[in-house]
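K.L.:
Protein chains in written order, with the UniProt record's numbering: chain A, 1 to 349; chain B, 1 to 349; chain C, 1 to 349; chain D, 1 to 349. We put the CB at the ideal spot given by N, CA and C, even for glycine. For clarity, every value in this text was computed on a predicted model and none was experimentally measured.
4 protein chains.
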Amino acid sequence: MEKRNAVILGASGLVGQRFCQMLSNHPYFNVIGLFGGWASDGKKLSDVLKLPDYCIPQSDLLSETINQLDIEKVKRIDPDIVFSALPNDLAMEAELELASHSIPVFTNASANRMRDDVPLVVPEVNSEFLDIVTEKDGYIVANGNCSSIGLALSLKPLLKYGMRDVNVTTFQAASGAGYPGIPSMDIMDNIIPYIRDEEEKMEKEIPKMFGSLESGRIKNSDVKVNPTCVRVPVRDSHLEVVSVTIHEEVTVEEVSEAFMNFRSHPQEINLPSAPEKPLILRKEENRPQPYLDSMAGYPVRARGMAATVGRLKISGKVIRYVTLSHNTIRGAAGGSVLNAELMFKRGMV
Amino acid sequence: MEKRNAVILGASGLVGQRFCQMLSNHPYFNVIGLFGGWASDGKKLSDVLKLPDYCIPQSDLLSETINQLDIEKVKRIDPDIVFSALPNDLAMEAELELASHSIPVFTNASANRMRDDVPLVVPEVNSEFLDIVTEKDGYIVANGNCSSIGLALSLKPLLKYGMRDVNVTTFQAASGAGYPGIPSMDIMDNIIPYIRDEEEKMEKEIPKMFGSLESGRIKNSDVKVNPTCVRVPVRDSHLEVVSVTIHEEVTVEEVSEAFMNFRSHPQEINLPSAPEKPLILRKEENRPQPYLDSMAGYPVRARGMAATVGRLKISGKVIRYVTLSHNTIRGAAGGSVLNAELMFKRGMV
Amino acid sequence: MEKRNAVILGASGLVGQRFCQMLSNHPYFNVIGLFGGWASDGKKLSDVLKLPDYCIPQSDLLSETINQLDIEKVKRIDPDIVFSALPNDLAMEAELELASHSIPVFTNASANRMRDDVPLVVPEVNSEFLDIVTEKDGYIVANGNCSSIGLALSLKPLLKYGMRDVNVTTFQAASGAGYPGIPSMDIMDNIIPYIRDEEEKMEKEIPKMFGSLESGRIKNSDVKVNPTCVRVPVRDSHLEVVSVTIHEEVTVEEVSEAFMNFRSHPQEINLPSAPEKPLILRKEENRPQPYLDSMAGYPVRARGMAATVGRLKISGKVIRYVTLSHNTIRGAAGGSVLNAELMFKRGMV
Amino acid sequence: MEKRNAVILGASGLVGQRFCQMLSNHPYFNVIGLFGGWASDGKKLSDVLKLPDYCIPQSDLLSETINQLDIEKVKRIDPDIVFSALPNDLAMEAELELASHSIPVFTNASANRMRDDVPLVVPEVNSEFLDIVTEKDGYIVANGNCSSIGLALSLKPLLKYGMRDVNVTTFQAASGAGYPGIPSMDIMDNIIPYIRDEEEKMEKEIPKMFGSLESGRIKNSDVKVNPTCVRVPVRDSHLEVVSVTIHEEVTVEEVSEAFMNFRSHPQEINLPSAPEKPLILRKEENRPQPYLDSMAGYPVRARGMAATVGRLKISGKVIRYVTLSHNTIRGAAGGSVLNAELMFKRGMV
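1) What are the boundary residues of the beta strand (DSSP E) that includes Ala302 (chain B)?
2) Please report the Cβ distance between Asn310 (chain A) and Arg287 (chain A), rounded to the nearest whole angstrom; I am assuming they are in contact, meaning their Cβ atoms lie under 8 Å.
3) What in chain A is Cβ-close to Arg235 (chain B), meaning under 9 Å?
4) Which partner residues does Asp165 (chain D) have in the DSSP bridge list?
5) Could you name the residues of chain B that Arg263 (chain A) contacts, counting a contact when the two beta carbons are closer than 8 Å?
6) Please list the partners that Pro183 (chain C) has in chain A, where partner means a Cβ-to-Cβ separation under 8 Å.
7) Closer than 9 Å, Cβ to Cβ, to anything on chain C: give me those residues from the segment 165-179 of chain A, in chain order.
8) Going by the beta-carbon positions, is the gap between Met188 (chain D) and Arg231 (chain B) smaller than 9 Å?
9) Let me check understanding here. Comparing Cα to Cα, which of A:Arg346, A:Ala94, A:Leu51 and A:Ser100 lies closest to Gln21 (chain A)?
10) Counting only the same chain and skipping the five closest in sequence on each side, list residues whose C-beta sits under 6 Å from that of Met295 (chain C).
11) Below 7 Å between beta carbons is the criterion; list the residues of the segment 192-211 of chain B that meet it against any residue of chain A, in chain order.
12) Assuming the contact rule is C-beta atoms closer than 8 Å, Arg113 (chain C) and Ala333 (chain C) should be a hit. Round their C-beta distance to whole Å, please.
13) Whole angstroms are fine: how far does the CA of Ser325 (chain D) sit from the CA of Met348 (chain D)?
14) Closest by CA to Thr107 (chain D), which one among D:Val242, D:Asp78 and D:Thr328?
15) I'd like the list of long-range same chain contacts for Ser175 (chain A), defined as Cβ closer than 8 Å, with 5 residues on each side in sequence excluded.
16) Whole angstroms is fine: what's the gap from Val255 (chain D)'s alpha carbon to Asp131 (chain D)'s?
17) Per DSSP, what are the beta-bridge partners of His238 (chain A) in this structure?
18) Span of the alpha helix (DSSP H) holding Ala6 (chain A)?
19) In the DSSP assignment, find the unbroken beta strand (DSSP E) run with Leu292 (chain A) in it and report its ends.
20) With H, G and I counted as helix, E and B as strand and the rest as coil, what does DSSP make of Lys219 (chain A)?
21) Assuming Gly138 (chain C) and Pro79 (chain C) make a contact with CB atoms under 8 Å, what is their CB distance in whole Å?
22) Alpha carbon to alpha carbon, how far is Ala299 (chain D) from Lys277 (chain D)?
23) Quick check on the burial criterion: 16 or more other C-beta atoms within 10 angstroms. Buried or exposed for Pro193 (chain D)?
24) List, in order along the chain, the chain D residues whose C-beta lies closer than 9 Å to that of Lys43 (chain B)?
25) Terminal residues of the continuous alpha helix (DSSP H) containing Val255 (chain A)?
26) Considering just the uninterrupted stretch of the alpha helix (DSSP H) at Ala152 (chain C), what are its terminal residues?
27) Could you list which residues in chain D have their beta carbon closer than 9 Å to that of Pro52 (chain A), in chain order?
28) Listing by chain order, which chain F residues have their CB less than 8 Å from the CB of Leu49 (chain B)?
29) May I ask you to report which of helix, strand or coil DSSP gives Val31 (chain D)?
30) Look at the alpha carbon of Phe259 (chain B) and the alpha carbon of Gly150 (chain B), and state the distance between them as a whole number of angstroms.
31) Would a check of beta-carbon distances place Leu14 (chain C) closer than 9 Å to chain A?
32) Throw me the rounded Cβ distance for the Glu95 (chain B) and Ile140 (chain B) pair, which I believe falls under 8 Å.
33) Suppose you measure from the CA of Pro183 (chain A) to the CA of Asn190 (chain A); what does that come to, to the nearest Å?
34) Can you round the beta-carbon distance between Val241 (chain B) and Val168 (chain B) to whole angstroms, since I take them to be within the 8 Å contact cut?
35) By the three-class DSSP mapping on this structure, what secondary structure does Phe129 (chain D) have?
36) How about Phe29 (chain D) and Gly10 (chain D): do their beta carbons lie closer than 9 Å?
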């Protein structure tokens, strides 16, 4: 199939630059425009670089197509697909406007995430939600919140045991707050046991992600999530301590198998950014760790796309474990790229 | 009452130096000897300093009484009281030997902590356990593990609601592993979701701490603790995310009152290192934090001796909150100093 | 002498809160008003706390006198003295206005620091510059830049050797950039070898500080400073690697003596915030260090007011050493408090 | 040419694992044995992993050829080439033994680095030193100290201006101390202005590196290096603030050109791990930074092999700049790999 022309909105932010990284030399998409706040300041993308140079293709850095955020300009370029890393206050309107202009938008912003007509998709978890997009022209597909995505991946193989409620304490990296985000004075040698709106997002998103499709509408699951979200002095990746109450008793061996053997639709249809194994089970007692496991995922294009689980323990009907996933790759830009790859394969982009 | 002569064992370590700090100019105790590994290397205490100079009295730094760990020497000095920050492998035998030699030992080591004849005491929680020491001559009193003490303080006022089980995820500071402890390469920009033996300690200690005294013996409580212990890149203080299932329904107001009004025996008898309020309830949504709350506790001598609680939420019969306490002060040296002050007041030192 | 009424401008910032801390229970000054940006947001000072609670007196936290920045209001309160931690863009005009209204202003802002009629004073270095203030009513006295003050203190005892030029590489703490200051994403596990305007300040301030007073005007010294200013992931204190070319050859012993025996005017007249020894020479090969030496200074009120020097080496006519001082105490708020104490003693406040 | 069989000594350490990484799928070398301390403990390499999994080939992790350090075993395997990341106390004897057994040894250990018959080589700086190896059978080639290599790379293009003396202040990453290396309690939120033996190494190595070959012997240069070596809380890469006194006056433009156009022997003969540009000049005022520039070097196999320079300033005959290079790649394992590639091309391996 022919490559589709893509633009990235909000390309100067931490997630925007992960979009640049993941779309570089992409087999399905060809980036033709980067939009962000820097151009209006007379800067180049290389002036606002937040990732090491080798992450961003040189051509992007020098690109002539760098422009101010200007929805009219995006519409004139008329891309086949838009990736949005816009801040929430800009995202709501801009994304709806583009969708109404027959442009598919794959977004990391939370602004439109909970709308009834916007599928909130983690491809390994609920790719069937994409069915609610019936018209090829103009729609929004959202990835979830960074802390929800990693959790959802690890919960999916447990679903068969009858998941009742989920308690989760998160250890969230500073990059989750974007740029400039968290002042260094707040997080150096410190922990902040609160992240605005984060617990609310997890409480709402997990039930939507695990909902069912009934006559073309998503009906939320009644799973209950009790999150406590905490910011820690780590650059990338969210680690989550999870306990799940299920309906039956299972053994550590069974659950280990369930984690290890977990494969889903993106693996079956071999999407370019899909990791061979979406869940990597570590048996070492001291894993997962952000430094060692952030970039889990094979092959190279899927680095940072696998979640890692470890420290599995079961007592009665409670399964406890630790999971970790990269918050700006799998939990943000990579989530939307995978959604887009899936829609491309379906002929919907 | 006359001051008692004290020696500190293991004075070169992180906890040992907190003993030096807390016993400096102490109204009950007079440090006459510091024992540690440095003297055998021909060093002075100032050569192995792990706290800023002002924490340790100059007289200690220059002390002539600095000696190699040598239990015979301790016995010859014949102190009225010994504070032990010995590593576990040395502690078991040395402490028993000193106790059998009629010297009261107040220890932070875990080696003898779970013995039937050793009261495991957090004075605000279970000072009555000291009653099992009936002979003035020669005994061991242990403080708990750093992560157990902070948790126990916060649980005590909830006891009246009929505490059933406790789930806790910890965010533990690097100083908890002592010195040299955790290699910087393991914890810089990283999290380690495992601390050897830590979860086991919490599982055993909390039931002992909340046990009852029956005919002179401690009978463990049947409260069940499910801990996940995690190391984070913070220098001092353990933060813990706690959820407690109780027998009845209570309101946030009731529990807030219970936390705020909590006073116990050390406050009543006005021990020098006892904080006016052992629990400080923060209403700000983003507290407690290690940087801001580690040294909570008033007056000056009690800095680092109060635990801080925050983020109180209740759903049904589950109380959720975050607690924080200084791991090497309240959670280690300060815990034993408070125990010793209590025994001094009882005329048992 | 009677205590003077003081107000603090910019009290919600990192330096402003150090002013609160250093003026708490001060023997000369009585804080009657705190001005800052938080009041206009309907917040209390406790909501914008950037230091642990025990640093700031409870009375300040609850103070009724907390007000929006409003120079008219300051003038109506008519304090005997103003301490300014205003951001530069507000400082220039506000400070001149207050001074013209007969209020002495002691400022940490750089806005008016290089004016001819504003003495730039580090009391141990150039207290005689205060002589240019001849009228009791209305003036500005500035402390230097955080990186200049620590350097100047360490250079002063070397002056007698005929200081020619000074090369300095700084390791500057994140708190030097204020709040919110440096984004955590820029400095976690990272170093930034550039601080805007910092090198220029050092190049200009050191010659002014070491200038001479000629007919009531400050004539700059011709010492040449070559600084490279670098931000490092440390919360507090600036460490500086210094090499000074002098006119004669000296021995390590001579320079050690010069450092150790250094006392100056604030020590002679026994100012409350003056450290007994303004320079502390460490002979250990691995000192000074921010964690161990930031709060150097004795007695308690002078903590953080002494600079520490170490690693002294001399080859030919070049003296090399490392110095460290607390950037928001000695290098900012404490610098101005010491200036104010000196003027109080002179009867000029 | 046929691939050569290589073994890695000390493969469980930080530098050893960088050897594994850089030799994975290498066009010249085929790793047939990994030797390290873990095997004797009954562990696998994956149990002592200090880099993310994707850095080390799976085949290495599972390798049957993992063995205890056993020089006899190495000799029996009879590799064509040995890479040594041995600790110094083991390195001296083991490397000489292997060399005497006709095995070429490329070492990062400093033990034999200053021997007359051991070329100390940074290929872009002094590849001609390899000429002193005249016999193919059995020799040692050493890379320099991590802080010397980065400095040497940046000095090489300045040589033509008549380099007289070099002042350098280093900001060295924790990984430079190996594993377990620096205790986290020493370096969290802290700086240590001393690294044992490091300044001495730079003082000796730079003159040897810039020496000349006279009748088959290396005659040291008389350039004088004045280093102050400082440890900072950063995981990887050494940043160095350099000032060089030269014999003539040059312009910033000339020196910029010299940096940018610098190419040397490894680039000419196109060695696989040689970066296209060994020096990358950044014009942004706030570069180089460890986070952004550690992995500089193109193509992929040369990542971490380029040094980055920035902040170039010239006053009179003094050139000032900042340089940064990866301490365990270019400054250690990569240095030796590049040396080995050069000898392979010469037919000497």
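P.N.:
In short, the structure shows the following:
1) Position 302 of the second sequence, counted from the start, is the residue given in the question as residue 302 (chain B). Where Ala302 (chain B) is concerned, there is no enclosing beta strand (DSSP E), given that its DSSP letter is neither H nor E.
2) The residue you call residue 310 (chain A) lines up with position 310 of the first sequence. The residue you call residue 287 (chain A) lines up with position 287 of the first sequence. Asn is not the amino acid found at residue 310 (chain A); the sequence shown has Gly there. Yes, they are in contact, since the Cβ atoms of Gly310 (chain A) and Arg287 (chain A) sit about 4 Å apart, within 8 Å.
3) Taking the first residue of the second sequence as 1, we reach residue 235 (chain B) at position 235. Asp189, listed in chain order.
4) Here residue 165 (chain D) corresponds to residue number 165 of the fourth sequence, with the count starting at 1. Answer is D:Lys224 and D:Thr245, bridged to Asp165 (chain D).
5) Locating residue 263 (chain A) in the first sequence gives position 263, counting from the first residue. Under the 8 Å cutoff, chain B gives no residues; its nearest Cβ is about 25 Å from Arg263 (chain A).
6) Stepping through the third sequence from its first residue, residue 183 (chain C) is reached at position 183. Correct list: Tyr179, Pro180, Gly181, Ile182, Pro183 and Ser184.
7) Ala174, Ser175, Ala177, Gly178 and Tyr179
8) The count along the fourth sequence starts at 1 and reaches residue 188 (chain D) at position 188. The count along the second sequence starts at 1 and reaches residue 231 (chain B) at position 231. No, the pair does not count as a contact, with Cβ atoms beyond the cut-off.
9) Here the question's residue 21 (chain A) lines up with position 21 in the first sequence. Nearest of A:Arg346, A:Ala94, A:Leu51 and A:Ser100 to Gln21 (chain A), Cα basis: A:Leu51.
10) Taking the third sequence and counting its residues from 1, one reaches residue 295 (chain C) at position 295. Around Met295 (chain C): Arg303 and Gly304.
11) Ile192, Pro193 and Tyr194
12) For the purposes of this step, residue 113 (chain C) is identified with residue 113 of the third sequence, where counting begins at 1. For the purposes of this step, residue 333 (chain C) is identified with residue 333 of the third sequence, where counting begins at 1. Actually they do not touch by this definition, with Cβ atoms about 15 Å apart.
13) Position 348 of the fourth sequence holds residue 348 (chain D). Position 325 of the fourth sequence holds residue 325 (chain D). Whole-angstrom Cα-Cα distance: 28 Å.
14) Position 107 of the fourth sequence, counted from the start, is the residue given in the question as residue 107 (chain D). Considering only alpha carbons, the answer is D:Thr328.
15) Walking along the first sequence from the start, residue 175 (chain A) turns up at place 175. So the list reads Leu14, Gly181, Arg235, Asp236, Asn327 and Thr328, once near-sequence residues are dropped.
16) Taking the fourth sequence and counting its residues from 1, the one referred to as residue 255 (chain D) is at position 255. Taking the fourth sequence and counting its residues from 1, the one referred to as residue 131 (chain D) is at position 131. Looking at the two C-alpha atoms, the distance is approximately 30 Å.
17) Position 238 of the first sequence, counting from 1, holds the residue named residue 238 (chain A). A:Ser325, per the DSSP bridge assignment.
18) In the first sequence, the residue the question calls residue 6 (chain A) occupies position 6. Note, Ala6 (chain A): premise wrong, no alpha helix (DSSP H); beta strand (DSSP E) at Arg4 to Leu9.
19) For the purposes of this step, residue 292 (chain A) is taken as residue 292 along the first sequence, with counting starting at 1. No beta strand (DSSP E) contains Leu292 (chain A), which is instead part of the alpha helix (DSSP H) from Pro290 to Asp293.
20) Residue 219 (chain A) sits at position 219 when you count from the first residue of the first sequence. In the structure shown, Lys219 (chain A) sits in a strand (DSSP, three-state: E or B).
21) Reading the third sequence from its first residue, position 138 is the one you call residue 138 (chain C). Reading the third sequence from its first residue, position 79 is the one you call residue 79 (chain C). 12 Å between Cβ atoms; not a contact.
22) As a working note, residue 299 (chain D) is residue 299 in the fourth sequence. As a working note, residue 277 (chain D) is residue 277 in the fourth sequence. First, the amino acid is wrong: residue 299 (chain D) is Pro here, not Ala. The alpha-carbon atoms of Pro299 (chain D) and Lys277 (chain D) are separated by roughly 10 Å.
23) In the fourth sequence, counting from the first residue as 1, residue 193 (chain D) sits at position 193. Buried.
24) On the second sequence, position 43 is the one that residue 43 (chain B) refers to. Residues of chain D passing the Cβ test: none, with the nearest at roughly 16 Å.
25) Residue numbering aside, residue 255 (chain A) sits at position 255 when the first sequence is read from its first letter. Element bounds for Val255 (chain A): Val252 to Asn261.
26) Residue 152 (chain C) sits at position 152 when you count from the first residue of the third sequence. Its alpha helix (DSSP H) spans residues Cys146 to Leu155.
27) The count along the first sequence starts at 1 and reaches residue 52 (chain A) at position 52. Per Cβ cutoff of 9 Å: Tyr291, Leu292, Asp293, Ser294, Met295 and Ala296.
28) The chain inventory of the structure shown lacks chain F, comprising the protein chains A, B, C and D.
29) Taking the fourth sequence and counting its residues from 1, the one referred to as residue 31 (chain D) is at position 31. Three-state result, Val31 (chain D): strand.
30) Indexing the second sequence from 1 puts residue 259 (chain B) at position 259. Indexing the second sequence from 1 puts residue 150 (chain B) at position 150. Roughly 13 Å between the two C-alpha positions.
31) Along the third sequence, one-based indexing puts residue 14 (chain C) at 14. Cβ-Cβ to chain A under 9 Å: yes for Leu14 (chain C).
32) Residue mapping note: residue 95 (chain B) aligns to position 95 of the second sequence, counting from 1. Residue mapping note: residue 140 (chain B) aligns to position 140 of the second sequence, counting from 1. Yes, they are in contact, since the Cβ atoms of Glu95 (chain B) and Ile140 (chain B) sit about 5 Å apart, within 8 Å.
33) Residue mapping note: residue 183 (chain A) aligns to position 183 of the first sequence, counting from 1. Residue mapping note: residue 190 (chain A) aligns to position 190 of the first sequence, counting from 1. Taking the straight line joining both Cα atoms gives about 12 Å.
34) What you label residue 241 (chain B) is simply residue 241 of the second sequence in a count that begins at 1. What you label residue 168 (chain B) is simply residue 168 of the second sequence in a count that begins at 1. The pair is a contact, with the Cβ atoms about 7 Å apart (cut-off 8 Å).
35) Taking the fourth sequence and counting its residues from 1, the one referred to as residue 129 (chain D) is at position 129. Three-state result, Phe129 (chain D): helix.
36) Along the fourth sequence, read from residue 1 onward, the residue named residue 29 (chain D) stands at position 29. Along the fourth sequence, read from residue 1 onward, the residue named residue 10 (chain D) stands at position 10. Not in contact: Phe29 (chain D) and Gly10 (chain D) (Cβ atoms no closer than 9 Å).
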